[in-house]
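Notes follow the structure.
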Amino acid sequence: MCLRSSSYTSPKPCKHLADYKLRHAFNGYDSLQNCLKTTPIGRTRVDNHNTKTPRCNFCNGYQGRLYICLMCSSISCSTHILLHTQSKSGHDVAIDIERSELYCCLCCDQVYDPDFDKVVVSEQIKGSCPGRSNKRRRLNSGMELDLKKSKQLIAMRDGRAKSCYPLGLRGLNNLGNTCFMNSVLQALLHAPPLRNYFLSDHHNRDECKRRYGEKLCLLCDIGALVSAMFSGDRSPYSPAQFLYSWWQHSSNLASYEEQDAHEFFISVLDGIHEKESKVRNSSKDDGDCQCIAHRAFSGLLRSDVTCTTCGFTSTTYDPCVDISLNLDTVNSSAAEKTGLSTLSGCLNLFTRAERLGSDSKLHCQNCQELRDTSKQLSISRLPLVLCLHIKRFEHSLIRKTSRKIDQYLQFPFALDMTPYLSSSIVRSRFGNRMFAFECENTDSSAEYEIFAVIAHSGMLESGHYVTYLHVNNQWYKCDDAWICEVDEGIVRASQCYMLFYVQKLLYYKANKDLSCNVSVESR
Amino acid sequence: MSRPPPPPPTTNKDQQHQNPSLQEINIKLIQSGEKERLKELLRERLLECGWIDEMKALCRAFTRKKGRNNVTVDDLVHVISPKGRASVPNSVKAELLQRIRAFLASTAD
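So, in structure tokens, the structure goes:
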């Protein structure tokens with residue numbers, strides 16, 4: 001537990017709290033330490049070790065908010081707390097018994113003191129498991145655009161081309177139900193880290209052939225694809241070589257049947273990783289892997305499993321390349337009231353503490369018994385490129401049926417992931433505290449900008465994927481071989497299946513790179 | 001706080017412990033720790049159905065109107081209490097009542 005530069009602004013203490021602290025420093029807080037009791041779910045209350053229920057000194061009431069005076073430990077209800085401070089001079093500050101929060105009787109309002117919260121939080125932490133330290137991640141220079149090299153690669157400029165479209169936009173021919181592949185490729189090839197990597201020729205095809213001599217290399221094919229997309233030639237391109245390469249890699253998916261775009265996405269990242277780890281001869285796990293797929297997409301998820309009996313929490317970390325979200329449908333919160341599903345609703349659902357059923361009790365290390373538990377997910381480390389997958393295809397093993405959920409999902413173009421970070425989720429367990437938590441890191445930004453949307457239309461078996469790309473402040477629809485400009489309203493109204501966000505800093509830099517790279521020749 | 005009148009004396013010996021007063025029930029709930037558990041359950045249900053979000057929105061609206069520095073916790077409590085009490089879903093009330101009844105039945109002497 002360490003104190004870092006705080007990411008919050010602590011409100012100034014009121015005159016009365018400041019006075020109290022001058023006169024009594026931490027005496028009151030220290031004696032409080034023995035009287036704090038934390039419930040397994042994380043609320044801390046003041047417990048005087050009295051068997052009797054706390055009651056107001058004035059009216060004997062036990063309902064509503066009760067406050068205990070920091071000076072004399074007498075208890076008053078919210079109606080009579082003013083009477084107490086009026087009858088005893090200097091008894092200005094009290095603590096809300098149920099919530100362990102400071103209250104100033106004269107200001108009639110809640111007040112905050114980081115020193116007080118430090119005492120409360122340290123009591124709360126005593127039971128739980130501290131998380132491991134965050135590894136710093138600096139922006140890898142390998143993902144910055146090498147302008148010189150990229151200019152060499154973008155050799156051909158077809159004068160007939162529609163030069164008003166930005167560089168890199170090119171249709172992909174459908175080779176037989178391959179819209180799932182085309183849509184994902186459009187999104188991937190425009191992800192700034194990947195695009196820059198290939199345009200900067202970090203995977204040189206000649207060198208690859210020379211060194212490894214393999215006939216098929218997924219990375220080489222992606223490189224060829226990127227070159228083709230950025231060549232300036234606007235005629236639709238057939239990614240046949242890539243398709244063939246991918247079939248070799250994922251033979252179980254090799255067919256002319258329509259596939260799931262998300263499954264394809266995962267398998268491509270996997271293919272890139274496999275090839276690069278063979279090249280580097282490393283077998284690092286996904287969390288530390290330096291292949292371009294992981295450097296761009298890899299994040300870290302944190303899972304906290306809490307015993308509801310004793311409060312003991314065990315924490316595990318799992319790397320991930322995307323986040324699959326359930327739609328916040330009628331069963332949950334805000335969607336029921338407004339009838340509208342939102343991306344923030346889905347993310348809230350994803351990070352909500354969930355009580356696991358009594359039929360899935362887990363062994364608690366502390367209690368040494370099988371106990372009911374509560375599980376909560378949060379994001380420990382955000383990736384550079386955030387891929388959010390909306391689970392629209394429901395496969396029921398019991399009923400042996402699959403169905404598609406058509407529910408419209410509203411999503412933002414600018415996304416702030418702060419509320420879903422582990423630091424925010426952990427912080428929220430402690431209530432309203434002014435405290436710098438260990439797992440908070442202010443290195444990487446949590447702000448994202450959208451750059452691609454893969455939308456699905458139609459039914460489960462016979463649907464169609466298209467990709468919307470946001471380039472140079474304009475939205476384009478990539479429907480297999482056809483690219484056209486569209487209004488942002490069309491994008492917002494689409495049925496999103498996969499959303500691609502990139503960290504804001506990278507986004508603005510990427511757009512700048514593109515625009516200074518283009519020398520448009522108009523005829 | 002007014003206490004309900006004590007139950008009338010009955011000849012039936014079973015009726016001795018029936019109809020405990022509200023206060024007695026409350027004390028029982030608190031001392032056994034059941035009230036704490038019920039409050040947790042209530043919090044969970046109110047979160048799930050969006051009640052908490054609604055109350056937050058009401059507080060925000062009120063604070064915006066009056067100005068951030070002119071609002072106290074007591075003000076907010078007074079403002080949202082009537083609306084809050086009225087908008088608790090019936091299903092939540094029913095579930096909690098169920099729990100309380102079950103608890104009382106299990107601890108009946």
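Residue numbers (our numbering), protein chains in the order written: chain A, 1 to 523; chain B, 1 to 109.
Even glycine gets a Cβ: it sits at the ideal position worked out from N, Cα and C.
Partner residues on chain A for residue i, Cβ-Cβ distance less than 9 Å
| i | result |
| --- | --- |
| E72(B) | Correcting the residue identity first, residue 72(B) is Thr in this sequence and not Glu. The answer, in chain order, is C107, C108, D109, Q110. |
| Q98(B) | What Q98(B) touches in chain A: nothing, since even the nearest Cβ is about 17 Å away. |
Partner residues on chain B for residue i, Cβ-Cβ distance less than 8 Å
| i | result |
| --- | --- |
| S78(A) | D74, V77 |
| T39(A) | E36, E40 |
Within chain A, the residues that residue i reaches when beta carbons sit closer than 7 Å
| i | result |
| --- | --- |
| E115(B) | The structure shown has nothing for residue 115(B), since chain B only spans 1 to 109. |
| I27(B) | T53 |
| I30(B) | T53 |
Exposed unless 16 or more other CB atoms sit within 10 angstroms - verdict on residue i
| i | result |
| --- | --- |
| E276(A) | buried |
| G232(A) | buried |
| R132(A) | The predicted model places R132(A) with a pLDDT of 29, which falls under 50 and marks its position as unreliable, so this point remains unresolved. |
| T107(B) | exposed |
| L218(A) | buried |
| Y29(A) | buried |
| L97(B) | exposed |
| R427(A) | buried |
| H363(A) | exposed |
| G458(A) | exposed |
| A105(B) | exposed |
| D328(A) | buried |
| K477(A) | buried |
| Q124(A) | buried |
| W482(A) | exposed |
| A102(B) | exposed |
| N27(A) | exposed |
| P193(A) | buried |
| S424(A) | buried |
| Q31(B) | exposed |
| E207(A) | exposed |
| R43(A) | buried |
| P11(A) | exposed |
| A155(A) | Low local confidence applies: a pLDDT of 45 at A155(A) is under 50, so the model's placement there is unreliable, with the coordinate-based value given in what follows. With fewer than 16 other Cβ atoms within 10 Å, it is exposed. |
| G101(A) | Checking the displayed sequence, the identity of residue 101(A) turns out to be Glu instead of Gly. Result: buried. |
Alpha-carbon spacing of residue i relative to residue j, whole angstroms
| i | j | result |
| --- | --- | --- |
| D479(A) | C179(A) | 8 Å |
| W246(A) | V268(A) | 8 Å |
| Q578(A) | G67(B) | Shown here, chain A extends from 1 to 523; a query on residue 578(A) therefore has no answer. |
| G463(A) | E257(A) | 11 Å |
| R399(A) | L343(A) | 29 Å |
| C77(A) | T53(A) | 13 Å |
| Y212(A) | D318(A) | 32 Å |
| H24(A) | L58(B) | 38 Å |
| H91(A) | Y62(A) | 21 Å |
| K215(A) | K209(A) | 8 Å |
| N34(A) | G431(A) | 19 Å |
| Y20(A) | P13(A) | 10 Å |
| R429(A) | A296(A) | 31 Å |
| S227(A) | T39(A) | 59 Å |
| V93(A) | R85(B) | 29 Å |
| L172(A) | S374(A) | 47 Å |
| K135(A) | S422(A) | The predicted model places K135(A) with a pLDDT of 30, which falls under 50 and marks its position as unreliable, so this point remains unresolved. |
| I80(B) | M55(B) | 7 Å |
Counterpart residues of residue i in DSSP-defined beta bridges
| i | result |
| --- | --- |
| H470(A) | W475(A) |
| C14(A) | For C14(A), which the question treats as bridged, DSSP gives no partner whatsoever. |
| P319(A) | L300(A) |
| A94(A) | C69(A), Y103(A) |
| V305(A) | S314(A), K375(A) |
| L409(A) | S341(A) |
| H78(B) | According to DSSP, which records beta bridges pairwise, H78(B) is partnered with nothing at all. |
| A414(A) | E449(A) |
| T44(A) | T38(A) |
| C77(A) | L66(A) |
| Q503(A) | Y448(A) |
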